[in-house]
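Each residue of the sequence shown is one higher than the last, beginning at 67 in our numbering. Just so it is clear, CB atoms sit at the ideal spot from N, CA and C, and this is done for glycine as well. Owing to the predicted nature of the structure, the values given are computational and were not obtained by experimental measurement. Read through the structure below, which is laid out as structure tokens, and then see the notes.
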Amino acid sequence: MTRTHAGRRAAPGIALGPAFVLPLRQRETLDELLAHPRALGTEEELELLRGASARAAAELEGLAAELAAGVGVDEAEIFSSHAAFARDPELLELAQEHVRSGASAVASIARAFAAFAELLEATGSELFGSRVADLDDVRDRIVAHLLGREVRVEVPRVPSVVISHELLPSQSAALPPELVLGFVTETGSPTSHASILARSLGVPAVVGASGIVAAVSTGDAVAIDGEEGVVHLDPDDAVIAVLEGRQRALLARSVELARLRDRPGATADEHPVELAANVGGPGDLDAAREHGAQGAGLVRTELLFEGRSVAPSVEEQAALYRSALAAFPGQRVVFRTMDIGADKPLPFAGRSAEANPALGLRGIRLHLARPDLFRTQLEALVVASVEASAADGRPAIMFPFVSSVVEFRAARRLLDDVATELGLGLDGIEVGVMVEVPSAALEAHALAAHADFLSIGTNDLLQYLYAADRLNAEVMDLGDAYDPAFLRLVASVAAAAERAGRWVGVCGEAASDPAMAVALVGMGISELSMTPRAIPHVKSALSLRTLDECRAIADRVTAVVGGPADVREVLDGIG
Ligand code: PEP
Ligand code: MG
């Protein structure tokens, strides 16, 4: 019999298929592994090391064979190469040397893998970034064997609905997109990473489904309804029939929307609105093209380096930025400098633990505290931007997590210094600020006096405005973009930018909501940057209203005295 679990809608769509329950990751940091104490004699530790490597390699080979027979050769090759790492004689010899000099098997394997990563980096290979994440996975598998932990396969073997307690970028990076039918998480909110990833893959997601991990096992039949935010376990024939019917209707609608692809974003009376894409990886570049994006309003550069334990070089970064510029000929490409910290930790930043990372050294604060990291990125951005030709995109740079004009000016000065040192000019490169901290929103007029543009990051602005962690399902109802106070704040930022003669965009998830987009345009927002698949939906909603109608809707939602439900009533039927 069907058992239904309620959560919150995080990405639209319907998915039916087997469940794949992602185990919670037990993972030590490199420092913890290196400090692992030795318990046995040299010969026993050596024996342990050889046995663990061989078992890990055999397991990975088995997995490769299984995948080759089932899903396909590409996925199988990943595991074959992992098996090769686990068996690599030089790596193993290096680790054994460390054991002979007195280290534990765990510390030795960690040290050998770290040395191997450095060696790989020295080759300057473009593949290096992805390889480090691979190396970490293999190392962790060997470590798990050394510690006698159960090693569970962490990727589905057939297309599945991925069910997990939480989903971190490092976990999703290991999931082959073609095997993911949808996501369900116990924690998280519509603005957490799993939700953003689901929308970018075009699969449904439900978050905040508490108790789901305990209620389902890998292989069980599940159906997720991303429209309603519910998960059906063991759906019966009646439920399946209803969901399949809705799935067909959604498909028909997407075929209809595809016809709008080459039409630029505009209201019914031709007031232009730039509809741009949020980009977090190479897959988004293809999706942006496919869905008719007019540029990229947010390139999340930190996601390009996910899983890396060594900082990417200027050359490697510049190559990635060049390819993003080449993907949007004649259109604006806004690079957000690395927003490291809080929900986006990056190992190479070498950060010590913070009691409260969301309120800690994040984004621009880390840039200013660690100018070495920041300068490398600025150099790469300036080099790639200056080289851009008329056939490429128009580069723009923006800084994340700005809370004051002082911070913005300091970062901009660093950018000027870097350009001067390189003997290059910044002409034609717009420099903007992300408005995602309430103090920045309240200082929008002052920021607009110093920046070329403002881009409102609604995901973080909501979390900080309502003091509601975007990763915590228990408080997700608090950070609702339909809350009138939030809408009034956004409208005030738009008005301040307009008075200063600066353009203002929205790059948070709120821009992907067609009804909200209509209200935002009415407030004076001229660029909406979103998950590429949302572009046709937003384009369609805007094309049905004149600018005056959008303004009237904006006036109505910002005048609401009440809560999100009252705003929802106004916006109902608009999307
Ligand atoms: C935001 O905070 O709205 C934003 C776009 O940035 P991110 O989601 O990457 O924190
Ligand atoms: Mg943000």
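At a cut-off of 7 Å, the beta-carbon of Arg166 does not count as near the ligand PEP: no heavy atom of the ligand is closer than that.
For Phe414, there is no enclosing beta strand (DSSP E), as DSSP marks it with neither H nor E. At least one heavy atom of the ligand MG falls within 7 Å of the beta-carbon of Gly523.
Taking a cut-off of 8 Å for Cβ pairs, the stretch 557-565 and the stretch 580-590 touch, as three or more such pairs fall below it. Counting along the chain, the unbroken alpha helix (DSSP H) around Gly349 starts and ends at 348-356. For Glu473, the Cβ stays outside the 7 Å cut-off from all heavy atoms of the ligand MG.
Straight-line measurement puts the Cα of Ser505 at about 18 Å from the Cα of Leu432. In terms of Cβ geometry, Val399 and Ala446 do not form a close pair [threshold 8 Å]. Per DSSP, Asp614 has no beta bridge partner at all.
About 5 Å separates the Cβ atoms of Arg74 and Gly274, confirming a contact at the 8 Å cut-off. Taking 8 Å as the upper bound for CB-CB distance, Val584 and Cys616 are in contact here, some 5 Å apart.
Cβ neighbours of Glu127 within its own chain (closer than 6 Å, five residues either side excluded): Ala149. Per the C-alpha coordinates, the member of Ser266, Glu372, Thr612 positioned closest to Val339 is Thr612. With contacts defined as CB atoms closer than 8 Å, Ala81 and Leu247 qualify as a contacting pair. With respect to the C-alpha of Leu492, the residue from Arg460, Pro466, Asp405 having the closest C-alpha is Arg460.
In this structure Pro598 is buried. Its beta-carbon is surrounded by 16 or more other beta-carbon atoms within 10 angstroms. In the structure shown, Ile278 adopts helical secondary structure according to DSSP, grouped into three states.
Per DSSP, the unbroken beta strand (DSSP E) holding Pro461 starts and ends at 460-465. The residue from His603, Val296, Ser283 with its alpha-carbon nearest to that of Leu341 is His603. Here Asp438 carries a helix assignment [DSSP, helix/strand/coil]. Residue Leu610 holds the alpha-carbon nearest to the alpha-carbon of Glu336 among Gly629, Val633, Leu610.
With respect to the 8 Å criterion, Gly268 and Ala85 are not classified as neighbours on the basis of their beta carbons.
Going by DSSP, Arg565 is part of no beta strand (DSSP E) but of the alpha helix (DSSP H) stretching over 550-565. Taking one beta carbon from each stretch, the stretch 492-503 and the stretch 517-524 have 3 or more pairs nearer than 8 Å; the two touch. Straight across, the Cα-Cα distance linking Ile278 with Val449 is about 48 Å.
Look at Asn538 here: in three-state DSSP terms it is coil, with no helix or strand label. Within 7 Å of the C-beta of Asp405 there is at least one heavy atom belonging to the ligand PEP. Around the beta carbon of Ser255, 16 or more other beta carbons lie within 10 angstroms, which makes this residue buried. Here the C-alpha atom of Glu368 lies approximately 12 Å from the C-alpha atom of Leu386. The alpha carbon of Asp300 has as its nearest neighbour, out of Val308, Glu293, Glu294, Val288, the alpha carbon of Val288.
Exclusion of Gly83 from the 7 Å shell around the ligand PEP follows from its C-beta lying no nearer than that to any non-hydrogen atom of the ligand.
Around the beta carbon of Ala419, fewer than 16 other beta carbons lie within 10 angstroms, which makes this residue exposed.
With a cutoff of 8 Å on beta-carbon distance, Thr403 and Pro466 are scored as near each other.
For Pro466, the CB falls within less than 7 Å of some heavy atom of the ligand MG. DSSP places Arg314 within a helical segment (H, G or I) once states are collapsed to three.
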